[in-house]
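Heads up: the structure comes next, in structure tokens.
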Amino acid sequence: MEQTASIVQIKGIRDGLLASFSDAPWEDQRAALLTQIDERPDFFRGARLAMDVGAQILKVNDLVDLRDRLSERNVSLWAVVSESPVTEQTSQLLGLATRISKPRPEEQKQFIDTITDETALFVNKTIRSGNRIEFPGHIVIVGDVNPGAEIVAEGNIIVWGRVRGMMHAGSKGDRSAFICALDLSANQLRIADEVSANLKPPKDPKPEIVSINSDGRLQAELWNAG
Amino acid sequence: MTAQVITITSGKGGVGKTTAVANLATALAMDGRRVVCIDGDIGLRNLDVVMGLENRIVYDIVDVIEGRCKLKQAMIRDKHYPDLYLIPAAQTRDKNSVSPSDMVRICNDLRADTDFVIIDSPAGIERGFRNAIAAADRVLLVTNPEVSAVRDADRVVGILEAEEKGNPALVINRLNPNLVKNNDMLSAEDVLDLLGIQLIGVVPEDETVIIGSNRGAPVVNDTKSRAGAAFRNIAKRLQGQDIPFMEAGQQSGLWNAIQRLAGRK
Chain A
1235 MEQTASIVQI
1245 KGIRDGLLAS
1255 FSDAPWEDQR
1265 AALLTQIDER
1275 PDFFRGARLA
1285 MDVGAQILKV
1295 NDLVDLRDRL
1305 SERNVSLWAV
1315 VSESPVTEQT
1325 SQLLGLATRI
1335 SKPRPEEQKQ
1345 FIDTITDETA
1355 LFVNKTIRSG
1365 NRIEFPGHIV
1375 IVGDVNPGAE
1385 IVAEGNIIVW
1395 GRVRGMMHAG
1405 SKGDRSAFIC
1415 ALDLSANQLR
1425 IADEVSANLK
1435 PPKDPKPEIV
1445 SINSDGRLQA
1455 ELWNAG
Chain B
14 MTAQVITITS
24 GKGGVGKTTA
34 VANLATALAM
44 DGRRVVCIDG
54 DIGLRNLDVV
64 MGLENRIVYD
74 IVDVIEGRCK
84 LKQAMIRDKH
94 YPDLYLIPAA
104 QTRDKNSVSP
114 SDMVRICNDL
124 RADTDFVIID
134 SPAGIERGFR
144 NAIAAADRVL
154 LVTNPEVSAV
164 RDADRVVGIL
174 EAEEKGNPAL
184 VINRLNPNLV
194 KNNDMLSAED
204 VLDLLGIQLI
214 GVVPEDETVI
224 IGSNRGAPVV
234 NDTKSRAGAA
244 FRNIAKRLQG
254 QDIPFMEAGQ
264 QSGLWNAIQR
274 LAGRK
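These protein sequence lines are chains A and B, in that order. For the first sequence, my numbering assigns the number 1235 to the initial residue and increments by one for each residue that follows. For the second sequence, my numbering assigns the number 14 to the initial residue and increments by one for each residue that follows.
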């Protein structure tokens, strides 16, 4: 029992309780969390629980199942923090928060370091309406970005496909960030705090790269090989 | 017999989900299949009206779930096809009266002696939609060639991906070839280009569909109706037959384009 209990750490935070998961198999950790709750039912009754699941990839069924089990024990799950974009998307679909408001000054700095390390998120599928991908680095997408989808990167965004959704590069204020795509038919693009809205899609789409020019405006340039 | 459970959904309302369910179920029954339709739109039922079975409702799906009747008692037999049944929705309750596991249980009970279970999903992406897709082996996505309907359909494809239901098959409903020719309507090609999923049928705009719905007689019974023919073809494709995307006497560029697109996948 001691061993299973130790793989999930529960501590108090400003917004309730935070359960931190390790990289152990999901089933074991889920069991460990429920065991901990069952051992002290009075302490957990009515609690608001956030989970930091690390890099675990969780599907809708996993989270729905756990949320139901928690609510049977009168514990409400309100947030899932994850490093995995898949899990983040799942949580957003279920209407769970994916950020917990906790001042993390050291981590803020780490983000800037990651950009200089050129970390990128690689997504190999079409991003559909209602999906939002947010990443503290660059984002590379092989597939289309459909209308109603949102892509937000602290670094650059590169899309091997057609873009008709909203793109925001350099979201934390990096004015040197750029956006490029095979077909840039988006009606809104943002880099840092510059916004270009109500764009007309080109008649004959060609690969383009968008950046902030010397006048401080967004500017698109055709990409020429050679 | 092990039934295939097919859910028909759309995201946006009013694109023709219920019409598609009534017509596909009738077409499958015409081909000699045993079919049960379930109206998943608890609180706003209308599949019974479109199928002309409104007057025969005694028990509904919530009665089955809450144990007031047996499943067989809630199954209403169609007027013309003895192997076609409808399980109606409750009109005085709401979506929360049914849970996804209730739907899975009912469909599993039906699987043994049925060929097809067809579920009519409510519009939207909330509880009723989740109930409707919970038991689905296969999802058909109905859309109109309109930007707003296609946008909602795209959202539904994304949710189905996240739920690991796979990609749905697409039915483009109420396509008007004359409007497409004049560039006043999205073409089937435009819709497929955005959604990137497999096409299972294109139903042309046809006023006999509305007349049939109001009379409670699905248009597939009408051999002269072009929409009816399109629904009969979709039903054949659901049974695994390879029916080309072409109507008799319709050799226009549009149908050729659709055929080409369907072959691409």
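Think of the CB as a built atom: it goes at the ideal place given N, C-alpha and C, for glycine as much as any other residue.
| Query | Result |
| --- | --- |
| May I ask you to report which of helix, strand or coil DSSP gives Q1342 of chain A? | Confidence in Q1342 of chain A is poor, its pLDDT being 43 and thus under 50, which makes the residue's placement unreliable; the coordinate value appears in the next sentence. Reduced to three states, the DSSP call for Q1342 of chain A is helix. |
| Among residues of its own chain, excluding the 5 on either side of G65 of chain B, which ones have a beta-carbon nearer than 8 Å to its beta-carbon? | K92, R228, G229, A230 |
| Determine the extent of the alpha helix (DSSP H) in which F1277 of chain A is found, giving its start and end residues. | 1275-1278 |
| Tell me the rounded alpha-carbon separation between T22 of chain B and N189 of chain B. | 21 Å |
| How is the alpha helix (DSSP H) around R143 of chain B delimited, first residue to last? | 140-147 |
| Quick one: Cα of M43 of chain B to Cα of Y94 of chain B, how far? | 7 Å |
| Is V170 of chain B close to the ligand GTP? I mean its beta-carbon at under 7 Å from any heavy atom of the ligand. | Only the bare structure without any ligand can be found here, which leaves the ligand GTP out of the picture. |
| Report yes if the C-beta distance between G1377 of chain A and N1358 of chain A is below 8 Å; otherwise report no. | yes |
| For the putative contact between I132 of chain B and G53 of chain B, defined by C-beta atoms under 8 Å, what is the C-beta separation to the nearest angstrom? | 5 Å |
| Beta carbons nearer than 7 Å to chain B: which residues of the segment 1304-1334 of chain A have them? | Q1323, T1324, L1327 |
| Comparing the C-beta of A147 of chain B with each C-beta of chain A, is any distance below 8 Å? | no |
| Whose CA, out of B:V75, B:T127, B:R168, lies closest to the CA of N144 of chain B? | B:V75 |
| Candidates A:D1417, A:R1279, A:S1254: which alpha carbon is nearest L1267 of chain A's? | A:S1254 |
| Hey, how far is the Cα of R1248 of chain A from the Cα of N1432 of chain A? | 41 Å |
| Would R164 of chain B count as contacting chain A if we go by Cβ distances under 8 Å? | yes |
| Which residues of chain B have a Cβ atom closer than 7 Å to the Cβ of S1363 of chain A, listed in chain order? | R164, D167, R168, G171 |
| For P217 of chain B, does the three-state DSSP call read helix, strand or coil? | strand |
| Rounded to the nearest angstrom, what separates P295 of chain B and K1406 of chain A at their Cα positions? | What is shown of chain B runs 14 to 278, which leaves residue 295 of chain B out entirely. |
| Determine which residues of the segment 1280-1302 of chain A have a Cβ less than 7 Å from any Cβ of chain B, and write them out in chain order. | K1293, V1294 |
| Quick one: does P1381 of chain A have its CB under 8 Å from some CB of chain B? | yes |
| Just to confirm my understanding: we take T31 of chain B, look at its own chain, exclude 5 residues before and 5 after, and list those with CB closer than 7 Å. What are they? | N59, L60, V63, D133 |
| With the cut-off set at 8 Å, would you say I1375 of chain A and W1394 of chain A are in Cβ contact? | yes |
| Expressed to the nearest angstrom, what Euclidean distance is found between the alpha-carbon atoms of Q1422 of chain A and D1408 of chain A? | 18 Å |
| Please name the residue or residues paired with L97 of chain B in a DSSP beta bridge. | B:V48 |
| Taking the alpha-carbon positions, what's the L199 of chain B to V216 of chain B distance? | 14 Å |
| Does the contact criterion of 3 or more C-beta pairs under 8 Å hold for the segment 1441-1456 of chain A versus the segment 197-213 of chain B? | no |
| Would you tell me roughly how many angstroms separate the C-alpha atoms of V1386 of chain A and A125 of chain B, rounded to the nearest one? | 49 Å |
| Identify the contact partners of A175 of chain B in chain A, using a Cβ-Cβ distance below 7 Å as the criterion. | V1294, Q1323, T1324, L1327 |
| Counting contacts by CB-CB distance shorter than 8 Å, is L66 of chain B in contact with chain A? | no |
| Strictly by DSSP, which residues pair up with T20 of chain B? | B:I132, B:V152 |
| For D1408 of chain A, which of helix, strand or coil comes out of DSSP? | coil |
| Go through its chain and collect everything with a Cβ distance to I78 of chain B's Cβ below 8 Å, but skip five positions before and after it. | S110, V111, D115, I119 |
| Just verifying my parser: in three-state terms, what is the DSSP assignment at G225 of chain B? | helix |
| Below 8 Å between beta carbons: does that hold for V170 of chain B and R1396 of chain A? | no |
| Under 8 Å Cβ to Cβ from R1279 of chain A, same chain only, skipping five residues before and after it: list those, please. | R1307, N1308, V1309 |
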